[in-house]
Amino acid sequence: MRRTRTLGKCRLHALEAGLQRLDGGAMFGVVPKPLWQKRIPADGRNRIPLALRCLLIETPDALVLVDNGVGNKEDAKFRDIYGVDNAGSPTRLEDALRDAGFTPEDVDIVINTHLHFDHAGGNTYRDAEGAIRLSFPRARYVVQAGEWEWAHSGNERVRASYLPHNFDPVHAAGRFEFVSGEHEVVPGVRLVPTPGHTPHHQCVLVQSEGETACFLADLVPTSAHLPLPWIMGYDVEPLVTLETKRWVLKRAREEGWLLIFEHDPVVPWGRLDPAEERPTLLPES
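Under my numbering, the first residue of the sequence shown is numbered 26, with each subsequent residue one higher.
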């Protein structure tokens, strides 16, 4: 399946930044294992494979990167627990960028859908001397202000997902732009609050010449999560997720959006069948 496509005046690249493995039960919440394992089989540790897929958007005005994987700063124990496989120079994300014809220095804007370690871990990297540096030295980084505050709340339920070395250095360098609510980052790239997974999670809409693409992040992490009640156990507000999914997927079906899945191990993107009331994917070739 192709990993690059044109959307109006924009060009979209689905960058494969590696893989991780998370507990299948946690990924599917109250959905029974006999159901979810038909969609994504688990390994001997009950973990399922998940892509670390980022979106690179070429617009007429800027080069925009949405999310950036796990990064290179975690130790061997962490990488084993979460099944992280993203080796590269310094990670597979930078290799994917180069394969698309770009370098980290070319990126103008980095959007964090939220600040969990598998979405914002590549904000920074550890160099050969052990120093932590910004991965995208020219970029401004954009996140919801409420997500920044939530990441620093110290809440016991979520704090293991927020690793300060992934985002505090960005703030210290004065490179974060905090936004509240819907926000147009550059013409054609819009942030849309989609709460549930975290209270201030956001999706990214790319709109050009009458076409729309939506980077779903952890609202719908894989195509297996399209059914409305198939919601992650990781979501802090699952009933809010349900309502957010309801309106996002309704609009996506009615308006023919291209949906982009961050964690699906096989399917990077697709559209919903307009003839089906239930969310039913028509994968893009």
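For glycine and all other residues, C-beta sits at the position ideal for the given N, C-alpha and C.
None of the values given here were measured: they were computed from a predicted structure.
With DSSP collapsed to three states, give me the class of residue i.
| i | result |
| --- | --- |
| R28 | coil |
| D120 | helix |
| I106 | helix |
| D86 | coil |
| E301 | coil |
| R182 | coil |
| E207 | coil |
| P246 | coil |
| F53 | helix |
| L306 | strand |
| T269 | helix |
| R215 | strand |
| R64 | coil |
| P74 | strand |
| A101 | helix |
| L188 | coil |
| A164 | coil |
| E262 | coil |
| A277 | helix |
Which residues bound the alpha helix (DSSP H) around residue i?
| i | result |
| --- | --- |
| W282 | Where W282 is concerned, there is no enclosing alpha helix (DSSP H), given that its DSSP letter is neither H nor E. |
| P293 | That residue, P293, is in no alpha helix (DSSP H); it is neither H nor E in DSSP. |
| D143 | F142 to A145 |
| A197 | D193 to A197 |
| E172 | A170 to A176 |
| L60 | K58 to W61 |
Using the Cβ count rule (16 or more neighbours within 10 Å means buried), how would you classify residue i?
| i | result |
| --- | --- |
| D152 | exposed |
| A164 | buried |
| F240 | buried |
| P293 | buried |
| P220 | buried |
| G213 | buried |
| W175 | buried |
| V278 | The sequence shown places Arg at residue 278, rather than the Val named in the question. The residue is buried, with at least 16 neighbouring Cβ atoms inside 10 Å. |
| K102 | exposed |
| D260 | buried |
| T269 | buried |
| L60 | exposed |
| R70 | exposed |
| R27 | exposed |
Please report the residue range of the beta strand (DSSP E) in which residue i lies.
| i | result |
| --- | --- |
| G43 | C35 to D48 |
| L251 | Where L251 is concerned, there is no enclosing beta strand (DSSP E), given that its DSSP letter is neither H nor E. |
| L230 | Q227 to S233 |
| V135 | I134 to I136 |
| L159 | I157 to L159 |
| A238 | E236 to F240 |
| Y150 | T149 to R151 |
Mind checking whether residue i and residue j have CB atoms under 7 Å apart?
| i | j | result |
| --- | --- | --- |
| H288 | P246 | yes |
| P299 | L274 | no |
| G96 | G147 | yes |
| H190 | K98 | yes |
| V265 | V210 | no |
| E83 | R158 | no |
| Q227 | T128 | no |
| F203 | W173 | yes |
| H225 | D243 | no |
| H38 | A145 | no |
| V132 | F161 | yes |
| D92 | C79 | yes |
| L77 | G54 | no |
| W255 | V89 | no |
| P85 | K34 | yes |
May I ask whether a heavy atom of the ligand PLP can be found less than 6 Å away from the beta carbon of residue i?
| i | result |
| --- | --- |
| F286 | Of ligands this structure carries none, so the ligand PLP is not represented either. |
Exercise. Are the stretch 56-66 and the stretch 109-118 in contact at 8 Å, needing three or more beta carbon pairs?
Worked result: In short, these stretches do not touch, since the Cβ pair count stays below three.
For this session: Inspect the CB distances between the stretch 37-47 and the stretch 99-117 and report whether three or more fall short of 8 Å.
Result: yes
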